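Numbering (my numbering), first residue to last: 428 to 539.
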């Protein structure tokens, strides 16, 4: 009995094509799921980033004010040096929080 190889090749080609298609669509589905996850995460995180940064900024500004009051009341050079260092660190932190607020603020910042 002679069996033609043409139908067998055609079937194996179709099965291979279907497997490649399933693999491709699976990759596309995974990419879309990752994209949806990122969008959902951004929707969840964004409001909290700005409000948390503003609360930390307020706390940092209070620390700077307390340090300045301490600075006006002391004459000891070691304490003055320590307070000045603390103000410098707090100033750096305040700038970082302001940067987060400016990048994430959704609206007219002048009206706030």
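Don't be surprised by glycine CBs; every beta carbon is placed ideally from N, CA and C.
None of the values given here were measured: they were computed from a predicted structure.
query: How about residue 492 and residue 524: do their beta carbons lie closer than 7 Å?
result: no
field: residue 525 - DSSP class collapsed to helix/strand/coil
entry: helix
task: Compare the C-alpha of residue 490 against each of 504, 501, 503 and 513 and name the closest.
output: 513
field: Proximity to residue 480 [Cα-Cα], best of 431, 520 and 438
entry: 520
- prompt: Between which two residues does the alpha helix (DSSP H) carrying residue 503 extend?
  reply: Per DSSP, residue 503 belongs to no alpha helix (DSSP H) and is neither H nor E.
query: Nearest-angstrom Cα distance between residue 447 and residue 431?
result: 26 Å
- prompt: What is the DSSP secondary structure of residue 431, reduced to helix, strand or coil?
  reply: coil
query: In whole angstroms, what is the alpha-carbon distance linking residue 475 and residue 457?
result: 28 Å
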